[in-house]
DNA sequence: GATAGCGATGATAGCGGTTACATTTACTCG
DNA sequence: CGAGTAAATGTAACCGCTATCATCGCTATC
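Chains as they are written, first to last, in this note's numbering: chain P, 1 to 353; chain B, 1 to 353.
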């Protein structure tokens, strides 16, 4: 921002652009100007300690002078590895994954890595395709969401040299490394919390049933625990399509209309819970006295709501940072495969329960 | 999802992995098996119409048999272009850009493009660095957010052959192509809307002042119009750091404490506005009678609020789709540079104003 | 003083494709 | 029936950088 002014515009006409003028300098050009071989230039750039200070200086000057930028593809091809990290997430819109993405980027951008991002849309076939095309770039590592994969994907993942990280979930036998938390336990924790707060009858508002199997795992934990601690099976409504506040409000209204005895509702995430909270207000159900509402995610507005939204805080950012950390070591060749990192979660009690 | 079961796990021990077994097949292997030259294989893969059906069939069989995957880096190096689209956004967390990203991906993934994503953190130096490293990948196109760039960035952008798209803003002289809308006019529209609704004194809750210059443009439009239609300069509070609901609530409270006469507040975005809405509820200001609140973005919860949050709907998704469309043509070599696409915005009137 | 050892640098063969150009084959036509 | 032409395929020179191995001084060692 500071100091950098907006420069003048106007790109030369298409016909005149590009190769027309000065071609992009190659390493050979740098070598010639510095009076050394390309091998030395290459070394000076990647392992400076192997090159004498004087030569290093000359090369630096030449690089500067030509404003040389190494062609990453050539380098990647020659060394059979690229400074790229493939990341596959099931949705780009979901703020959870965005935060994790940002954290991964933060932890790795400094080391010169670029993120290659793929969106699986919660579909295993998509994931498989993405895995294949990402591996075709010989990324330094591949980060994928979840621990369940199609057979083909599994084969590709087991067959490659590329370090693999599975995130946002745990498993007993990771392909390589897993960083996440137990989705199921979230449901367990919330059910217990409701019990503790004296709820009589539980309800659940879900979304993406049978598509987002992580959400299903939370649901399963909630239902099983509910029953094991003496509740009858929670009343349930699944919203069609993506979880939004508007749909959440509607689904919640439907749930309460069908089961007026419900006095504690777990929503599959905070966005849905927010919709439920507003709907409760509209319908005149007092929260938390008559009705308790809990979300999942601890999105920033959860703390700003009135009453504050109780929710489950997920290690969205921690996952990303941990992945970056693991990857740095994994790429450097230390650290064996097989690590499973449970980053846990935290039930955040606010006014809505 | 359907049909693909979870496969068995356990990657072979590190020592045994990778090259140890079968190396990844190369195009030469395919050529040998199919009984043709690599040139023909290459052609069969990228311009099938140039290869006879029989040969094409043999090659397809060989590819299938070896489950051959072309090495994208080799191809990219040789052809000096990669099937990659670089996208630079100022924040990954901001849901606006995520939607646009998703739309770009949607419109281009089918054609086999991969997104290389960079996060500039609203910093021009970062942007410049990202531009340089992305161009080093010879992407098929580069999409950047905004029309203001550092001098160095500008030089790099003007100097390259790669199609450039500037998004989320308009300009009279785009580097190549611009897809967005007028940020300033949003401020204008909201000021007029407040006037129309009978507001007496305006207020503004901003964030990222002097960092997010697009937000500043909206603010400028709001302030200038306010005065030109007879208001005194709006009362203003800028929140420190990223715009969140919690901070929004706090800043709003501060604003109202300092200027109790304010009866219409524009918040820099919906998240902040949501915080303000809740805070107003807590403080007992009735919305919209005593106080009108307007956000920007039309995030999904805006429609679910009570009262519904008036806001400005941005063409987040349309921008992405348009970019994909433009890029497809631009890459194909049709379509000249210099296009500016104004996708507009829409003031959405709900209960809060 | 010859030899080994080491640090610094150069020569060069790839990495795995793409593509301009050459070559072959199959037809069309005067 | 031979030339002319278009379609199909092969040949081989790169693309720009990395990495292996050879080379060349020089100093440390006995």
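Glycine included, each C-beta is placed from N, C-alpha and C at the ideal position.
Keep in mind that this is a model prediction, so the values were computed, not measured.
Which bits of chain P does residue i rub up against, with CB to CB less than 7 Å?
i	result
residue 305(B)	278
residue 184(B)	Chain P residues near residue 184(B): none, gap ~16 Å exceeds 7 Å.
residue 246(B)	300, 303, 304
residue 281(B)	306
Determine, for residue i, whether the minimum Cβ-Cβ distance to residues of chain B falls below 8 Å.
i	result
residue 265(P)	no
residue 1(P)	Any reading at residue 1(P) needs caution, since the residue's pLDDT is 41, under 50, leaving its predicted position unreliable; the model's value is listed next. Yes, contact with chain B.
residue 275(P)	yes
residue 47(P)	no
residue 98(P)	yes
residue 382(P)	Summary: the structure shown does not reach residue 382(P), with chain P confined to residues 1 through 353, and so no result is reported for it.
residue 145(P)	no
Nearest to residue i by CA position, among the options, is which residue?
i	options	result
residue 224(P)	241(P), 189(P), 251(P)	189(P)
residue 347(P)	336(P), 317(P), 310(P), 318(P)	310(P)
residue 123(B)	162(B), 208(B), 175(B)	208(B)
residue 104(P)	339(P), 351(P), 176(P), 316(P)	316(P)
residue 72(B)	81(P), 242(P), 68(P)	81(P)
residue 344(P)	63(P), 318(P), 327(P)	318(P)
residue 186(B)	298(B), 236(B), 121(B), 271(B)	298(B)
residue 260(B)	270(B), 285(B), 243(B)	285(B)
residue 295(P)	23(P), 153(P), 273(P)	273(P)
residue 307(B)	276(B), 177(B), 334(B), 325(B)	276(B)
residue 214(B)	269(B), 46(B), 62(B)	269(B)
residue 92(P)	48(P), 145(P), 79(P), 107(P)	145(P)
residue 150(P)	164(P), 172(P), 126(P)	126(P)
residue 201(P)	230(P), 53(P), 25(P)	230(P)
residue 32(P)	55(P), 78(P), 313(P), 85(P)	55(P)
residue 350(P)	302(P), 325(P), 331(P)	302(P)
residue 74(P)	169(P), 138(P), 52(P)	138(P)
residue 242(B)	199(P), 300(P), 220(P)	300(P)
DSSP puts residue i in a beta bridge; with which residues?
i	result
residue 292(B)	264(B)
residue 310(P)	294(P)
residue 145(B)	167(B)
residue 348(B)	311(B)
residue 119(B)	89(B)
residue 206(P)	238(P)
residue 341(P)	179(P)
residue 84(P)	114(P)
Between residue i and chain P, is there a C-beta pair that is closer than 8 Å?
i	result
residue 300(B)	yes
residue 296(B)	no
residue 385(B)	For residue 385(B) there is no data in the structure shown, the boundaries of chain B being 1 and 353.
residue 284(B)	no
residue 42(B)	no
residue 249(B)	yes
residue 237(B)	no
residue 271(B)	yes
residue 227(B)	no
Taking residue i and residue j to be in contact with their CB atoms under 8 Å, please state how far apart those CB atoms are, rounded to whole angstroms.
i	j	result
residue 203(P)	residue 255(P)	5 Å
residue 156(P)	residue 132(P)	6 Å
residue 267(B)	residue 205(B)	5 Å
residue 114(B)	residue 115(P)	With 8 Å as the limit, residue 114(B) and residue 115(P) do not qualify as a contact, their Cβ atoms being about 11 Å apart.
residue 218(B)	residue 184(B)	7 Å
residue 141(B)	residue 327(B)	5 Å
residue 234(P)	residue 338(P)	The pair is not a contact, with the Cβ atoms about 37 Å apart (cut-off 8 Å).
residue 353(P)	residue 292(P)	4 Å
residue 194(B)	residue 280(B)	Contact doesn't hold; Cβ gap of about 16 Å is too wide.
Residues of chain P with a CB under 9 Å from the CB of residue i: which are they?
i	result
residue 105(B)	92, 117, 118, 119
residue 132(B)	69
Please compile the residues from chain B whose C-beta is within a distance smaller than 7 Å of the C-beta of residue i.
i	result
residue 73(P)	73, 76, 77, 82, 137, 138
residue 101(P)	92
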